Amino acid sequence: MTQYDFRKYHYRSINASTDAERAAINQELKDIYITLSDLEKEEFNRQLQAFLAKEMGRLKSGYESVKGGLDEN
Numbered sequence: 003m004t005q006y007d008f009r010k011y012h013y014r015s016i017n018a019s020t021d022a023e024r025a026a027i028n029q030e031l032k033d034i035y036i037t038l039s040d041l042e043k044e045e046f047n048r049q050l051q052a053f054l055a056k057e058m059g060r061l062k063s064g065y066e067s068v069k070g071g072l073d074e075n
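Below you can see the structure in the form of structure tokens.
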């Protein structure tokens, strides 16, 4: 089973200096996806959903800790 490094693309996108650069990074992922078999696409999607859920949880936790600190002031 192939492991996809979504974190690498995520960080590159965050650090992209232009919208065009960000779009090119997204296109790289799309280009990978279209080469996959149906079974590989299912695994790609599963891993992507897991990555996104983990990142959203991390962001929510960070937001709540900052928000909690702001509410105390």
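Counted the way the numbering used here counts, the sequence shown spans residues 3 to 75.
The beta-carbon is built from N, C-alpha and C at its ideal position, and this holds for glycine as well.
No experiment lies behind these values; they were computed from the predicted model shown.
How many Å lie between R9 and I36 at the Cα?
20 Å
If you run the structure through DSSP and keep just helix, strand and coil, what is D40?
helix
From the DSSP output, in three-state form, read off N17 for me.
coil
Taking the C-alpha atoms as reference points, what is the distance between N47 and V68?
31 Å
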